[in-house]
Amino acid sequence: MLVLGIETSCDETAAALVADGRVVRANVIGSQWERHRPYGGVVPEVAARAHHELLLPVLDRTLAEGGATYRDLDAVAVTHGPGLVGALLVGLAAGKAVALAHDAPLIGVNHLEGHVYAAQLEFGTLEPPAVALVVSGGHTNVALLAEDGTFATLGTTIDDAAGEAFDKVARFLGLPYPGGPEIDRAARTGDPAAIAFPRAKQDGSYDFSLSGLKTAVVRELRRREAAGQPAPIADVAASFQEAVVDVAVDKTLHAATDRGIEQVVIAGGVAANSRLRERMEAECATRGLRLLAPSPALCTDNGAMIAAAGTNRLALGERSALDLGVDPNLALTGPVAVAGGERP
1 MLVLGIETSC
11 DETAAALVAD
21 GRVVRANVIG
31 SQWERHRPYG
41 GVVPEVAARA
51 HHELLLPVLD
61 RTLAEGGATY
71 RDLDAVAVTH
81 GPGLVGALLV
91 GLAAGKAVAL
101 AHDAPLIGVN
111 HLEGHVYAAQ
121 LEFGTLEPPA
131 VALVVSGGHT
141 NVALLAEDGT
151 FATLGTTIDD
161 AAGEAFDKVA
171 RFLGLPYPGG
181 PEIDRAARTG
191 DPAAIAFPRA
201 KQDGSYDFSL
211 SGLKTAVVRE
221 LRRREAAGQP
231 APIADVAASF
241 QEAVVDVAVD
251 KTLHAATDRG
261 IEQVVIAGGV
271 AANSRLRERM
281 EAECATRGLR
291 LLAPSPALCT
301 DNGAMIAAAG
311 TNRLALGERS
321 ALDLGVDPNL
331 ALTGPVAVAG
341 GERP
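The opening position of the sequence shown corresponds to residue 1 in full-length UniProt numbering, with each subsequent residue numbered one higher.
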């Protein structure tokens, strides 16, 4: 089964060919980082225009690298939410066009579900149940993948997403966009215990709150500036990163142990963070839990994860109708939305 995956939810124009939900035959990404860097973050209008410019060349290259034509496709999987409306519309329109022109089933995929199923590309079929930590620029979720293959959101951020917090703190420190990799890099030479930043763990809840941590970083930098002290960038980066990782690991593993679940997935762009991966691996080993952490290249937005999730939905007999719309606030709860399509 050969599935084309299309991903345009934010600032990566991506497409991939995946066979049988696991074998990546081509995975092409048209990055927009340089276009957004002057603004210090993603500009929705710039992202949509870039997708419009880049998507057809990305699709052509994907087919060429995968040694396939549109006629070889068994289905087209495309992200329809959550994300930026204009960006999502570009990818969904392209997916519908390919599906209609070549009489292939269309599968609408939740972007967050795609991140979870990136694990399938490296570890084989993702067998539920599992608890997943999905952390990216726009989302921070602890989710349950139930035995029937449906998702339930156990916890989410009540303010800033983890990736958003990384970008903002990087900007405060004078580091370039995207901030996540820059914080990770700077933190490697810093002391994670140098500054006691707060951890908003909210006992009894799996929800996250990062705005207080972000404010604490700003106050620390202003205090040092007022005292005429240079900001120790590496120590601030390491201490901030450790505070985020502490909370993320704690909530994810509590969600798993509270439910007797022995499998944990980390996914999303922030899951590429080296300290999060190191801590999660160590803590899962201590508790006897199986950790599925896709390689960093599969943590960031890509078409292969969308194709993998779409393959699973196709195997369940699901199809999305051509009236499927985008949903910028699509939740990671329940089965994929199929509009006027079919479910078994």
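Glycine included, C-beta positions come from ideal geometry on N, C-alpha and C.
- Return the first residue and the last residue of the beta strand (DSSP E) that A130 is part of. A130 to V135
- Query: According to DSSP, what are the bridge partners of Q263?
  - Reply: R290
- Taking S239 as the reference, which of G155, L221, Y206 and D323 has the closest Cα? L221
- Alpha carbon to alpha carbon, how far is T13 from K251? 32 Å
- Report yes if the C-beta distance between P176 and R37 is below 8 Å; otherwise report no. yes
- What's the call for Y206, buried or exposed, on a 16-neighbour Cβ count within 10 Å? buried
- Who are the near neighbours of S9 in its chain, counting only those whose CB is closer than 8 Å to its CB and skipping five residues on each side? T79, G81, P82, G83, L84, A87, L88, G91, H111 and D301
- Query: Taking Cβ to Cβ, would you say residue 366 is nearer than 8 Å to A130?
  - Reply: The structure shown does not extend to residue 366, since the chain spans only 1 to 344, so no value can be given for it.
- Message: Quick check on DSSP: helix, strand or coil for L154?
- Response: strand
- Looking only at its own chain, which residues have a Cβ that is under 8 Å from the Cβ of D74, when we skip the five neighbours before and after it? M1, L2, V3, A104, P105 and L314
- Query: In three-state terms, what does DSSP make of V24?
  - Reply: strand
- Query: Rounded to a whole number of angstroms, what is the C-alpha to C-alpha distance between G190 and D323?
  - Reply: 51 Å
- In terms of alpha-carbon separation, which member of I306, A26 and L330 lies closest to I107? I306
- Message: Measuring straight from C-alpha to C-alpha, what distance separates C299 and A101?
- Response: 31 Å
- For S320, which of helix, strand or coil comes out of DSSP? strand
- Message: Could you tell me the alpha carbon to alpha carbon distance between A187 and V270, rounded to whole angstroms?
- Response: 14 Å
- Item | DSSP state of F197 mapped onto helix, strand, coil | coil
- Item | Stretch-stretch touch, CB-based, cutoff 8 Å, three pairs: the stretch 54–66 with the stretch 13–27 | yes
- Query: Can you name the start and end residues of the beta strand (DSSP E) that A146 belongs to?
  - Reply: Premise fails: A146 is in no beta strand (DSSP E) and is neither H nor E.
- Please go through the stretch 68–143 and give each complete alpha helix (DSSP H) segment of 4 or more residues, from N-terminal end onward. 85–101, 111–117 and 120–123
- Which residues DSSP lists as bridging E278, in chain order: The partner list for E278 (beta bridge, DSSP) is empty, contrary to what the question assumes.
- Could you tell me whether the stretch 193–200 touches the stretch 224–241, using the rule of 3 or more Cβ pairs below 8 Å? yes
- What do you get for D11, buried or exposed, if any count of 16 or more other CB atoms within 10 angstroms of its CB means buried? buried
- First and last residue of the uninterrupted beta strand (DSSP E) at V18: E12 to A19
- Query: What is the DSSP secondary structure of A339, reduced to helix, strand or coil?
  - Reply: The predicted model places A339 with a pLDDT of 37, which falls under 50 and marks its position as unreliable; any figure quoted below should be read in that light. In the structure shown, A339 sits in coil (DSSP, three-state: anything other than H, G, I, E or B).
- Please go through the same chain and pick out, in chain order, the residues whose beta-carbon is closer than 8 Å to the beta-carbon of A339, but skip the five residues on each side of it. Note that A339 scores a pLDDT of 37, beneath 50, so its modelled location is shaky and nothing firm can be said.
- Query: Quick one: what's E7 bridged to in DSSP?
  - Reply: A14
- Within its chain, find whatever has a CB closer than 8 Å to the CB of L54; leave out the 5 residues flanking it on each side and keep chain order. T13, G30 and Q32
- Query: Which class does G41 belong to by DSSP, given the choice of helix, strand or coil?
  - Reply: coil
- If A143 and A152 are in contact, beta carbons under 8 Å, what's the gap, nearest whole angstrom? 7 Å
- Item | T140 beta carbon less than 8 Å from that of A118 | no
- Query: Going by other Cβ atoms of all chains shown within 10 Å of its Cβ, with 16 needed for buried, is D20 buried or exposed?
  - Reply: exposed
- First and last residue of the alpha helix (DSSP H) that includes P296? P296 to C299
- Message: Less than 8 Å between the beta carbons of F208 and G155, yes or no?
- Response: yes
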